[in-house]
Amino acid sequence: MGLQDNIREKGVLGAVAAQADDVFTRLTAGIDVGEFRRMLQGEPPGRPNPRLKPHSEGFLLHIKPTYYHESVTRFTHTFRLGLLSTYLFIVETITGILLMIWYAPSPERAYTDMILLLTNIPFGQFLRDMHRLGAEAMVAIVTLHMVRCYLTGSYKPPRQFTWFTGVLLLVMTLFLSFSGYLLPWDQLAFWAVTIGTSMAEAVPPAVVGETVNLLARGAPDIGANGLLRFYLLHVLFLPLLLILFFFVHYYKVVHFGISLPADEEEVGEDTANRVPADKRVYYLPDVLVDETSFMTVINTLLILLTVFFFQAPLEHIANPQSTPLHTVAPWYFYWLQGMLKIADKFIAGVLMPGVLLVLLMAIPYLDYNPSRRGKDRKVAIVAGIVAGAVMIILSWMGTPEYAVQGAPAVEIVQDVMPEEGSGLSREIGYKHLPLGIWRTDEEYDVHDHEFNELLHEFNDVVDFYRRADPDFNAPIGILTISQDQPSLKRLNWEITWFDAQGEAGNYEKTFWLHEDSIYWEQYGWKHLFLGYVSDGWKSLSGALVGE
Amino acid sequence: MTVHQDLRRQQDWEVPLPVQPGKGAEHRETSRRELLTYVWAGTLAVMTLGSGIAAYQFLYPYHRANTFGGKFYIGAATDLPLVGSEPQANVDGRFWLVNTETGPRAFSNICPRSLATGPVKFTWDADRNRFDCPVCGTKFSREGHYIEGPAPRSLDQFVIEVVTGHKVFAKTKRLPEEIIAPVVPSPEAKILVDTSKIIEGFARMDSPALRGSSLKVVPGELSA
């Protein structure tokens, strides 16, 4: 009906209300205000169900199923892990795009940009921490998602290909996370990626391995070209590929439906798509409200974790001339590093991961057992648990705990003040490090609780190696803290000992710590919220009054 | 509980439905379910708004220290030119740093007259102890006050911050009658010139150094 007719019939206010209702209906692709409120009030839909319209006419919901089986909407069936992975991918995309604003992928600038981001940009550190935490959480959640599907046998027919694309998504998640590793251009980044890419070198024959490596690094060594290539992989190529496979994966999920709990259907049957009318839970409004409220809680949790409990590490600027002690891969590749310690580069670095990947993808095609019930799948479940245990053991072998122990004195200093990363000394911070000479063979009456903790740790670790190593007798640790310059303290760690033959040994290592160093201690909620919010308010209110 | 579970329960208990489906919901009171949904939606909206404000701050351009538009670190108070000595030119910061009897001041080195036509920089005339604009010929005193010439006002000043410890102790302030230079409490206090904040000089009629006192208007008289 035309506007003029409307006004004639309903008056101006009535016409405006009708127009508003019309706009609302268009925006929601078919739900008017009355229906919207009836939906929120928990009333049943009319017939035909008007709430199906947004699925058929709107773009955003066309991929979502119109209803679910009641049993799969139970939280403990899926734990919403797939939704959570998608959510984390969106978080990564948003924080990633924002981080790109203050970042240029060149060795001359990348590290300085990181420092500026951490020190000069409001919410810079917050976004970086959240991006990093989100990336690691995504790896974990995607893996858990896979474990859940394995344990419930959800990969069985007809969902073999869904599982296959899921494994591809896991691989892409790992590569996405790993390719982002190089971008800060610090020691952590440089050496993790150097090790990672050199694994590709083990692909036989040698010429192939070398070529793969050259293509990845853009040069024999990682430099400007390598950084640019990893950057493009990270921000463009891998995300696009992941989005493509995500839609393939999700289309399959919707197409076949989420598998029901195994006890609810006959062995060999798949009734996920034949939902009896009384078991239907419609997406609008129940599942939608459920999912958004779940996301709100998760979002809050992610923000709290980022602010209070997580700090993305930033080590010294990349130095190709010096490999730091205890260089490790990211935790999700510890298992690979563990294998590399005990086996040949080709076997551990290429063959085994390759075989593992193919096996993982082929599980649904190899497993001929038609039953998804736990009691019929003892072999599969035990095999899965054994595989998980092996991964955990290999991962432990990947840590410096296993077979990378240096001399006791070196390890002691590495423990209290590592070459890279924070360690207890840097964590307690500049102002908790009183000047003086502190020896492990003497007792001190120190009132500073934090420094006391450091002295105890120093004592304990010296004592640990005294007991563990017969060549390390009567050790004394001496920490000398002096003020070298204003705002700069010098920490000199000295360890003396006698070996089994009674010969004296001595080891010294010196670090400097600046008053403004940003380690955990300097980074609290007070700084983040009160500081930034008040600054932000000042600048905003200033802008509003035209200052 | 989902809508459908709710309905089924009602059917099981043979409770009559409160209303016919699809009719008249908009005229009834807000139910608990509806209210809860609004609370969720409100929480999401607040989160989105918060993210928007954070993103605005994150995107807002910043100026690095010691580049024009940012803060210039002059050093400790002892690094200031002595009171009565020649002004120091800071080319990058586009200001003249002067230590006057009333305190340190940083004058924008652009003549107020030429702002309309382009950034012409005035110079220091050591012989006559004043600033001269080489283009329009306006003269200003060491304190930045207008003396004579076509410029419309006294020299513009950047805000100087005096920092003790980690706190701003004092900074240049504009009062109705004059621009107050910050107090320097101790020789160790750090001096910063914030080139993002400029205070315009007073109109030439208000200048205490004005030639021809007949034109001079005592500030405050007009308003009084």
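The listed protein sequences correspond, in order, to chains A and B.
341 is the number that this note's numbering gives to position 341 of the first sequence; each next residue is one higher, with no gaps.
Residues are numbered in this note's numbering as their position in the second sequence, beginning at 1, plus a constant of 1000.
Yeah, the Cβ is synthetic: ideal placement off N, Cα and C, and Gly gets one too.
Can you tell me where the beta strand (DSSP E) holding A:Val147 begins and where it ends?
No beta strand (DSSP E) holds A:Val147; the alpha helix (DSSP H) holding it covers Gly124 to Leu151.
On the DSSP bridge assignment, give the partners of B:Asp1132 in chain order.
Per DSSP, B:Thr1123 and B:Lys1139.
Near A:Asp573, what residues of its chain come up, given a Cβ to Cβ distance below 6 Å and the 5 sequence neighbours on each side ignored?
It is not possible to answer for residue 573 of chain A, since the shown part of chain A is limited to 1 through 547.
Closer than 8 Å, Cβ to any Cβ of chain A: which residues of the stretch 1169-1184 of chain B, in chain order?
Cβ proximity to chain A below 8 Å picks out nothing from the stretch 1169-1184 of chain B.
Would you be able to state if there are at least three C-beta pairs under 8 Å between the stretch 331-351 of chain A and the stretch 398-407 of chain A?
Between the stretch 398-407 of chain A and the stretch 331-351 of chain A there are three or more C-beta pairs closer than 8 Å, enough to call the two in contact.
Suppose you measure from the CA of B:Cys1133 to the CA of B:Lys1121; what does that come to, to the nearest Å?
One Cα belongs to B:Cys1133, the other to B:Lys1121, and the distance between them is close to 7 Å.
Give me the chain B residues within the contact set of A:Gly124, using Cβ-Cβ distance strictly less than 9 Å, ordered along the chain.
Within 9 Å Cβ-Cβ: Phe1058.
Within 10 Å of its beta-carbon, does A:Val193 have 16 or more other beta-carbons around it, so buried, or fewer, so exposed?
When all chains shown are included, A:Val193 counts as buried.
Separation of A:Leu88 from A:Thr119, as counted between CA atoms
C-alpha of A:Thr119 to C-alpha of A:Leu88: approximately 26 Å in a straight line.
Chain-ordered chain B contacts of A:Val289 [CB-CB under 8 Å]
Correct list: Thr1037 and Trp1040.
Would you say B:Ala1106 and B:Pro1187 are within 7 Å of each other, going by their C-beta atoms?
No, Cβ-Cβ distance for B:Ala1106 and B:Pro1187 is not below 7 Å.
Contacts of B:Leu1044 in chain A (Cβ-Cβ under 7 Å):
Correct list: Thr292 and Thr296.
Spatial neighbours of A:Phe346 within its chain, please: C-beta separation below 7 Å, excluding the five flanking residues on both sides.
Closer than 7 Å at the Cβ level, and outside the excluded window around A:Phe346, lie Ala202 and Pro204.
Mind checking the stretch 41-58 of chain A against chain B and listing, in chain order, the residues whose C-beta falls within less than 9 Å of any C-beta there?
The residues in question are Gln41, Gly42, Glu43, Pro44, Pro45, Gly46, Arg47 and Pro50.
Is A:Tyr283 close to the ligand NAD? I mean its beta-carbon at under 6 Å from any heavy atom of the ligand.
By its list of ligands, the structure shown contains no ligand whatsoever, and the ligand NAD lies outside what it can speak to.
Could you check whether the Cβ of A:Asn506 sits closer than 7 Å to any Cβ belonging to chain B?
So no, A:Asn506 is outside the interface.
Which residue from A:Leu424, A:Asp463 and A:Asp471 puts its Cα closest to that of A:His449?
Among A:Leu424, A:Asp463 and A:Asp471, the Cα nearest to that of A:His449 belongs to A:Leu424.
Is the beta carbon of A:Val413 closer than 7 Å to that of A:Glu457?
With contacts defined as CB atoms closer than 7 Å, A:Glu457 and A:Val413 fail to qualify as a contacting pair.
Return the chain-ordered ranges of every beta strand (DSSP E) run that is complete within the stretch 1134-1202 of chain B and spans a minimum of 3 residues.
Complete beta strand (DSSP E) runs here, min 3: 1146-1148, 1157-1164, 1167-1171 and 1190-1199.
Report yes or no: do three or more beta-carbon pairs, one from the stretch 66-80 of chain A and one from the stretch 278-297 of chain A, lie closer than 8 Å?
Touching, yes, given that three or more Cβ pairs across the two stretches are closer than 8 Å.
Mind checking who A:Trp512 pairs with in its DSSP beta bridge?
Listed as beta-bridge partners of A:Trp512 by DSSP are A:Arg490.
Contacts that A:Leu98 makes with chain B (C-beta to C-beta distance below 7 Å):
Within chain B, the residues near A:Leu98 are Ala1055 and Phe1058.
Pick out whichever of B:Val1039, B:Ser1085, B:Arg1142 and B:Met1047 has its Cα sitting closest to the Cα of B:Asp1156.
Looking at the Cα atoms, B:Arg1142 is the closest of the given residues.
Counting only C-beta atoms, is B:Ser1085 closer than 7 Å to chain A at any point?
By the rule that beta-carbons nearer than 7 Å mark a contact, B:Ser1085 does not touch chain A.
In three-state terms, what does DSSP make of B:Ala1025?
Confidence at B:Ala1025 is low in this model, with a pLDDT of 45, below 50, so the placement of that residue should be treated as unreliable; the coordinate-derived value is given next. Three-state DSSP puts B:Ala1025 in a helix.
Rounded C-beta distance between A:Leu188 and A:His234? I'm assuming under 8 Å.
Incorrect: roughly 16 Å between the Cβ atoms, too far for contact.
Short check: CB of B:Val1159 to CB of B:Asp1127, under 7 Å?
Taking 7 Å as the Cβ cut-off, B:Val1159 and B:Asp1127 do not qualify as a contacting pair.
For the beta strand (DSSP E) that B:Val1098 lies in, which residues bound it at each end?
B:Val1098: member of the beta strand (DSSP E) spanning Phe1095 to Thr1100, first to last residue.
Sort A:Tyr67, A:Gly14 and A:Asn492 by Cα distance to A:Lys279 and report the nearest one.
The residue with the shortest Cα to Cα distance from A:Lys279 is A:Tyr67.
Identify each residue in the stretch 1089-1116 of chain B for which the Cβ-Cβ distance to at least one residue of chain A is less than 9 Å, and report them in chain order.
Going along the stretch 1089-1116 of chain B in chain order, one finds no residue with a Cβ nearer than 9 Å to chain A.
Just checking, does the stretch 24-32 of chain A make contact with the stretch 42-60 of chain A on the three C-beta pairs under 8 Å criterion?
The answer is yes - the stretch 42-60 of chain A touches the stretch 24-32 of chain A, with three or more Cβ pairs under 8 Å.
Assess contact between the stretch 151-160 of chain A and the stretch 329-337 of chain A, defined as three or more Cβ pairs (one per stretch) separated by less than 8 Å. Is contact present?
Three or more beta-carbon pairs separated by less than 8 Å are not found between the stretch 151-160 of chain A and the stretch 329-337 of chain A, which leaves the two stretches without contact.
Whole angstroms is fine: what's the gap from A:Arg439's alpha carbon to A:Gln125's?
For A:Arg439 and A:Gln125, the distance between alpha carbons rounds to 37 Å.
Going by DSSP in three states, A:Asn506 sits in which element: helix, strand or coil?
DSSP places A:Asn506 in strand when its eight states are reduced to three.
Using a Cβ-Cβ distance cut-off of 7 Å, determine whether B:Tyr1062 contacts chain A.
Closer than 7 Å to some Cβ of chain A, the Cβ of B:Tyr1062 qualifies, so yes.
Can you check which of these residues, A:Leu240, A:His62, A:Ser198 and A:Leu242, is closest to A:Asp221 by C-alpha distance?
Of A:Leu240, A:His62, A:Ser198 and A:Leu242, the residue nearest in Cα terms is A:Ser198.
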